[in-house]
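Chains as they are written, first to last, in our numbering: chain A, 1 to 200; chain B, 1001 to 1447. We put the CB at the ideal spot given by N, CA and C, even for glycine.
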Amino acid sequence: MIRHQGMVKCGKFIAEDYSLHDAFLKRVIETMGELEGVLLAFGYMTTQCTINKKFDEANATIVGNFSGAVSILNHCANYFECRGGGFIVGISSVAGDRGRQSNYVYGASKGALSLYLQGLRNRLWPKGVRVITIKLGFVDTPMTFGKPGLFLVASPHHIGQGIVKAIQKTKDIVYLPWFWRYIMFVITLIPEKIFKRLKL
Amino acid sequence: MEVELSGWGRYPRVVCNVVRPEAQRDLRCDTRRTIARGQGRSYGDAAVNQDGEVVLTERLNRFLSFDENSGVLRAEAGVTIDEVLKTFVPMGWFPSVTPGTRFVSLAGCLATDVHGKNHHHDHSFSRYVYDFEMLVADGTRRQLSRTTHRKLFWATVGGMGLTGIIAELTMQLRRIETPYVIVQDCKARDLDHVLELMSDQTWNDQYTAAWIDCLASKGSLGRGVVSHGHHATCEELMKFNTEPPRVRERKGWRVPWNQPSWLMNSVTAHMFNTSYYHWKGHKNEPYVVAYDTFFYPLDRLLNWNKLYGKDGFVQYQCVLPSAESRDGLKELLEEIRGAHIPTMLAVLKRFGDSQGGLLSFPMAGYTLALDFPVGHPDVFSLLSALDLIVMRHGGRVYLAKDARLSPETFRVMYPQFPELLEVKSSVDPEGKFNSTMSRRLRMESCA
Chain A
1 MIRHQGMVKC GKFIAEDYSL HDAFLKRVIE TMGELEGVLL AFGYMTTQCT INKKFDEANA
61 TIVGNFSGAV SILNHCANYF ECRGGGFIVG ISSVAGDRGR QSNYVYGASK GALSLYLQGL
121 RNRLWPKGVR VITIKLGFVD TPMTFGKPGL FLVASPHHIG QGIVKAIQKT KDIVYLPWFW
181 RYIMFVITLI PEKIFKRLKL
Chain B
1001 MEVELSGWGR YPRVVCNVVR PEAQRDLRCD TRRTIARGQG RSYGDAAVNQ DGEVVLTERL
1061 NRFLSFDENS GVLRAEAGVT IDEVLKTFVP MGWFPSVTPG TRFVSLAGCL ATDVHGKNHH
1121 HDHSFSRYVY DFEMLVADGT RRQLSRTTHR KLFWATVGGM GLTGIIAELT MQLRRIETPY
1181 VIVQDCKARD LDHVLELMSD QTWNDQYTAA WIDCLASKGS LGRGVVSHGH HATCEELMKF
1241 NTEPPRVRER KGWRVPWNQP SWLMNSVTAH MFNTSYYHWK GHKNEPYVVA YDTFFYPLDR
1301 LLNWNKLYGK DGFVQYQCVL PSAESRDGLK ELLEEIRGAH IPTMLAVLKR FGDSQGGLLS
1361 FPMAGYTLAL DFPVGHPDVF SLLSALDLIV MRHGGRVYLA KDARLSPETF RVMYPQFPEL
1421 LEVKSSVDPE GKFNSTMSRR LRMESCA
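Shown next, in the form of structure tokens:
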């Protein structure tokens, strides 16, 4: 690639096609050579209102954010475990830290992903494989562009830099931007008796 | 999504509906009122569209191909000069023409046919663009060059986005040996001295510009500092005894909030101008600077436009033909001095011949650019007076900086506008591509 002087190859990946994920990973290794690490960055988000009316959308959210991720990362985990090293970075969300009325299915899928990555980290640590969970706040992407109620929106460039630093510093769970760790700390401390009355 | 947008001068500010394509496949022109916007660094209302659509091209910022031997770059419209510098200066390449800020898109550079401090040598941005691809009103794409769709090519160069949305372009970069510039500053006691230094063949360096003190006393009218520069070769750098400055990515400072309007007044402006004149002109020998210091000094203060307060400012940039420059500039400076409106950043550059863009700004002569705070009660009457002087001397005002020109004045200054309108009508019969500027100037017809 011109900007960063690295090799870039493109291929098609379909999150819900679980049966093809093994072959996909094999094709990637064949094309790129031995992998140093993987970054999982796909996801799906629609409005809670839409999900309330259509279970298909709820299912697509769960598949796009969790099941599809588990499927491909299982194969990656096995690969790196055999290799005895490497890293897996999974992009999750602060929405997974607590269920909120505005996006609880999305939050649940990301929360599930965070838990999965946590377990994977525990499993792969003795094998020398690092698993990093990136919990993102609001990021300026097509998913969020034009949506009301967003604040402190970060640029993709800033997030990318944060992910690289997290890999270099062998972090476990990273909130990006950094202040979301403290915002979510406060959010998770609110007693349920009070939280259930809020309109977050 | 509806947002309030403005140009760099923050005047005017209008509510627009924005869309932001992430990739070429998302680029469309579905509405009747559409204009493209890069980084929004034109000063006035060229890239805003009241009650209309603005297509943000910032995510169309991919490099598509680069030939390391020839320096030919193909890039998407939203790539900025900043990204070009960060990627290619380390490889020994530099933009052939660059404006005074790095935070502009390549398509914006082409649509305004930007110029730099080297126009008298190297002409304007379009000179180094081989071809480009543009989305036109019927949704199709055209490949334009000097030989293919020639009329539309020249209507789009400097055409302020009114013929379509530039999607990609091919341009030539310039080879450099080092990221440094060798600069020589010369103090000039008045305007005649400035013009003498700028046209002196001894100093006919690659890049030349002058800072002018517009508030100097009558006897020193137009005093300033003329700076010459050229890209340093390795051999030249070796001759300097001192270690060259570090070239590093600087984050820049930010003005934290809108400054009060009283900050920019005649007293502070006069103090700044006097200090700057003596400080800038005190070095008599050539010296070495990193390229960003020479080309982009204002970019260190990332949002310096906030210094003019919430009312914003207008930049007035005009060009006068060579034969009229001396007299015309004197009249302009006398008019400005008499108005007692604070102005600090007045820059004079030499232009070579124009290139061919139907609404391109440069012509052989001299160009003067000044900033004025909008909040001052006399500023618009001053600018109208300056328009009359410019028109009388056969010059014109730069549309990329303009926020208040009248339709009548525009038509006198840009006699090729009817030709542009004819070309535009052939590709955009319904007039889909328009902006707050084009409606202000009544560009939908010749009348």
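Once the 5 residues before and after residue 1018 of chain B are set aside, which same chain residues still bring their CB inside 7 Å of it? In chain order, 1001, 1003, 1054 and 1056 place their CB closer than 7 Å to the CB of residue 1018 of chain B, counting only its own chain and leaving out the 5 sequence neighbours on each side.
Assuming residue 1115 of chain B and residue 1097 of chain B form a contact by the criterion Cβ under 8 Å, report the distance between their Cβ atoms to the nearest whole angstrom. 7 Å
Scan the region 129-151 of chain A for residues whose Cβ lies nearer than 8 Å to a Cβ of chain B and list them as they occur along the chain. 142, 145 and 146
List the endpoints of the continuous alpha helix (DSSP H) containing residue 41 of chain A. Premise fails: residue 41 of chain A is in no alpha helix (DSSP H) and is neither H nor E.
Going by CA-CA distance only, name the one from B:1041, B:1106, B:1035 and B:1062 that's closest to residue 1011 of chain B. Taking only the C-alpha atoms, the option nearest residue 1011 of chain B is B:1041.
Would residue 2 of chain A pass as an interface residue toward chain B - the criterion being a Cβ-Cβ separation below 8 Å? yes
Give the range of the beta strand (DSSP E) segment to which residue 1095 of chain B is assigned. 1093-1095 is the extent of the beta strand (DSSP E) around residue 1095 of chain B.
Restricting to runs no shorter than 4 residues, where is the alpha helix (DSSP H) found entirely within the region 1019-1060 of chain B? none
Of all the beta strand (DSSP E) runs that stay within the bounds of the region 69-101 of chain A, which reach a length of 3 or more residues? 86-93
With distances taken from CA atoms, which of B:1443, B:1435 and B:1009 is nearest residue 1421 of chain B? B:1443
For a quick check, are the C-beta atoms of residue 1286 of chain B and residue 1176 of chain B less than 8 Å apart? no
Are the region 12-20 of chain A and the region 1079-1092 of chain B touching by the rule of at least three beta carbon pairs closer than 8 Å? no
Can you check which of these residues, B:1044, B:1046 and B:1107, is closest to residue 1059 of chain B by C-alpha distance? B:1107
Under 8 Å between C-beta atoms, does residue 1411 of chain B make it to chain A? Residue 1411 of chain B does not count as touching chain A.
Distance, Cα to Cα, residue 1462 of chain B vs residue 1008 of chain B? The question about residue 1462 of chain B has no answer here: the residues shown for chain B are numbered 1001 through 1447.
Could you spell out where the beta strand (DSSP E) holding residue 1231 of chain B opens and where it closes? Residue range 1224-1231 is occupied by the beta strand (DSSP E) that includes residue 1231 of chain B.
Less than 8 Å between the C-beta atoms of residue 112 of chain A and residue 66 of chain A, yes or no? yes
Is it buried or exposed for residue 1130 of chain B, if we count other Cβ within 10 angstroms and need 16 for buried? The residue is exposed, with fewer than 16 neighbouring Cβ atoms inside 10 Å.
For the structure I just gave you, are there three or more beta carbon pairs, one from the region 1358-1375 of chain B and one from the region 1314-1329 of chain B, closer than 8 Å? yes
Any Cβ of chain A within less than 8 Å of the Cβ of residue 1125 of chain B? no
Could you say which of A:106, A:150 and A:96 lies nearest to residue 185 of chain A if we only look at CA atoms? A:96
Could you compute how far the alpha carbon of residue 30 of chain A sits from the alpha carbon of residue 179 of chain A? 40 Å
Any contact between the region 1018-1029 of chain B and the region 1372-1384 of chain B? By contact I mean 3 or more CB pairs, one from each, below 8 Å. no
Chain A contacts made by the region 1065-1098 of chain B, where a contact means CB separation under 7 Å: 1066 and 1087
How long is the line joining the alpha carbons of residue 1348 of chain B and residue 1032 of chain B, rounded to whole angstroms? 39 Å
So with CB distances below 8 Å, who are the chain A contacts of residue 1437 of chain B? Taking a Cβ-Cβ cut-off of 8 Å, residue 1437 of chain B has no neighbours in chain A, whose nearest Cβ is about 25 Å from it.
Tell me whether residue 1277 of chain B sits in a helix, a strand or coil according to DSSP, three-state version. helix
Have a look at residue 1220 of chain B and residue 1189 of chain B and give me their C-alpha separation to the nearest angstrom. 6 Å
Does any residue of chain A have a CB that is nearer than 8 Å to the CB of residue 1396 of chain B? Not one chain A Cβ lies under 8 Å of residue 1396 of chain B.
Going by Cα to Cα distance, which pick from B:1185, B:1076 and B:1352 is closest to residue 1025 of chain B? B:1076
Alpha-carbon spacing of residue 172 of chain A relative to residue 1156 of chain B, whole angstroms: 52 Å
CA-to-CA distance, residue 124 of chain A to residue 1048 of chain B, given in whole angstroms: 53 Å
The region 1408-1422 of chain B in contact with the region 1130-1143 of chain B per 3-pair CB rule at 8 Å: no
Could you tell me the alpha carbon to alpha carbon distance between residue 1366 of chain B and residue 1321 of chain B, rounded to whole angstroms? 7 Å
Is the shortest distance between the beta-carbon of residue 1063 of chain B and the beta-carbons of chain A less than 8 Å? yes
Rounding to the nearest angstrom, what Cα-Cα distance links residue 1410 of chain B and residue 1433 of chain B in this structure? 19 Å
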